[in-house]
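J.: The opening position of the sequence shown corresponds to residue 397 in my numbering, with each subsequent residue numbered one higher.
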Amino acid sequence: MNMKTWNHRFTALGLALLLSTLGSITARADSTQGITDTTIRIGNMGPYTGDASSFSALNYGPMAYFRYINSQGGIHGRKFEMVTADDACKETTGIAAAKKLIYQDKVFMVLVTPCSGVAMAIKPTLLEDGLPWIGVSANPKLTTPTVPNMFHVTYTGVYSGRAMAGFALSKPNTKKVVLVAHTNDWARGYCDPATELMKEKGVEPVMNLALERGSTDATAQALRIKAANADFVLGCLYEAELAILLRDLHKYSISVPVIGALGADFESTHKRVNNPAAVKNFYLPYQFKAPMGSPTMKKWEEMFVKFLEKSELPENGVPTNFYYFGLPPAIATVEA
């Protein structure tokens, strides 16, 4: 079974469970936190500040969609109120933000939470209080094994990691693959499935290199990649560190294809690197059936531009990949 088929079935199952968990908002309005006769209060949690702030595009996608739904009259006569919470992609900040959303802002549910470390950190609180969570975090441990009130509506690192490895091995004569990763669950959620697929194809990674969060230099990793004469590099890295790796590979004239994980936005990574020559061999998994800018995707771009504030859109250019990838939690919420 291919990745796309698995993803469709996984999403369908998740939505079925979501429907059974959320039930009828109309019937429960008088007794459910965050729901009144006229409003549904949603916690929109993500890294609005810090090195991982490019992830906040994943939060702005749902924001645009809820505003669009509100402009159509809302759901059952109720309009969405969005309460933003900045977790800065840090576990301790995220725990405090989640508790504020639940106990002070009294939201009905929490959405998005792009950073897996934060999502895992707030999972015990969400389970204890039973608040629904629909997110895009990559770590499959959030929803596997299944729990009553937490749902993935985008594919996890398992699917992305295998896609990354499959793409690398599709290059003829690829034998020497180097993995560069953070030493955390999020990175392992990508690189472990990638390694599994490579082994299935008879290829062992020639090197596993660590590049920690907050690193400002990747010289050592770049030189080891050069010494290994790598055919391909898989970067299970957040955007800031991935950009550093790409810059240092170019700095030392190491021309090797690099595919990153979904800890980075393609267009934002290009802007961070700020050198077209350094990203000419850079790739990321693509999550959609149609290309961005195509007629199929144009309606979503127009929605972002219409319903988002200037400060919520990219400083330059059109809305990037992450705006679109953030939409499923909002769509699933409305459909439920």
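Just so you know, even glycine gets a beta-carbon here, dropped at the ideal spot from N, CA and C.
Could you say which of 567, 711, 451 and 715 lies nearest to residue 700 if we only look at CA atoms?
T.: Comparing Cα positions, the closest option is 715.
J.: Would you please verify whether the beta carbon of residue 478 is less than 7 Å from any beta carbon of chain B?
T.: Absent from the structure is chain B; it holds one protein chain and no more.
J.: Is the region 473–493 touching the region 423–442 in the sense that three or more CB pairs, one from each, lie closer than 8 Å?
T.: Segments in contact, yes.
J.: Going by the beta-carbon positions, is the gap between residue 664 and residue 637 smaller than 7 Å?
T.: No, they are not a contact pair.
J.: How far does the alpha helix (DSSP H) with residue 560 in it extend, from its first residue to its last?
T.: Its alpha helix (DSSP H) spans residues 553–565.
J.: Alpha carbon to alpha carbon, how far is residue 717 from residue 598?
T.: C-alpha separation (whole angstroms): 33 Å.
J.: To the nearest angstrom, how far is it from the Cα of residue 710 to the Cα of residue 632?
T.: Each residue's Cα considered, the two are about 24 Å apart.
J.: Beta strand (DSSP E) containing residue 437: first to last residue?
T.: Looking at the DSSP string, the run of the beta strand (DSSP E) that includes residue 437 is 435–442.
J.: Taking all protein chains shown into account, decide if residue 722 is buried (16 or more other Cβ within 10 angstroms of its Cβ) or exposed.
T.: Buried.
J.: Short of 8 Å in beta carbon distance, which residues of its chain neighbour residue 503, apart from the five on each side in sequence? Order them along the chain.
T.: The answer, listed in chain order, is 429, 430, 437, 438, 439, 479, 497 and 527.
J.: Between the region 555–565 and the region 516–531, are three or more C-beta pairs nearer than 8 Å?
T.: Judged by Cβ distances under 8 Å, the region 555–565 makes no contact with the region 516–531, as fewer than three pairs qualify.
J.: Can you look up residue 477 in the DSSP assignment and give me helix, strand or coil?
T.: In this structure, residue 477 counts as strand in the three-state DSSP scheme.
J.: Cα separation between residue 732 and residue 627?
T.: Answer to the nearest angstrom: the Cα atoms are 46 Å apart.
J.: Out of curiosity, what's the CA-to-CA distance linking residue 693 and residue 580?
T.: Distance between the alpha carbons of residue 693 and residue 580: 34 Å.
J.: Could you tell me the alpha carbon to alpha carbon distance between residue 548 and residue 519, rounded to whole angstroms?
T.: Rounded to the nearest angstrom, the two C-alpha atoms are 13 Å apart.
J.: Can you name, in chain order, every residue of its own chain whose Cβ lies under 7 Å from the Cβ of residue 669, other than the five neighbours on each side?
T.: The answer, listed in chain order, is 639, 642, 643 and 675.
J.: Quick check on the DSSP output: the beta strand (DSSP E) that includes residue 547 runs from which residue to which?
T.: That run of the beta strand (DSSP E) goes 546–548.
J.: Below 8 Å CB to CB, which residues in the same chain sit around residue 679 once its five sequence neighbours on both sides are set aside?
T.: Only 563, 653, 654, 655 and 656 meet the Cβ criterion.
J.: Answer with buried or exposed for residue 578, where buried requires no fewer than 16 other C-beta atoms within 10 angstroms of its C-beta.
T.: Buried is the call here.
J.: Express the C-alpha separation of residue 635 and residue 615 in angstroms, rounding to a whole number.
T.: Looking at the two C-alpha atoms, the distance is approximately 17 Å.
J.: Please specify which runs of the alpha helix (DSSP H), each continuous and at least 4 residues long, are wholly inside the region 448–492, giving them in chain order.
T.: 453–467, all fully within the region 448–492.
J.: Hey, which unbroken runs of the alpha helix (DSSP H) at 4 residues or more fall wholly within the region 614–688?
T.: With a minimum length of 4 residues, the continuous alpha helix (DSSP H) runs that stay inside the region 614–688 are 615–624, 635–647 and 662–669.
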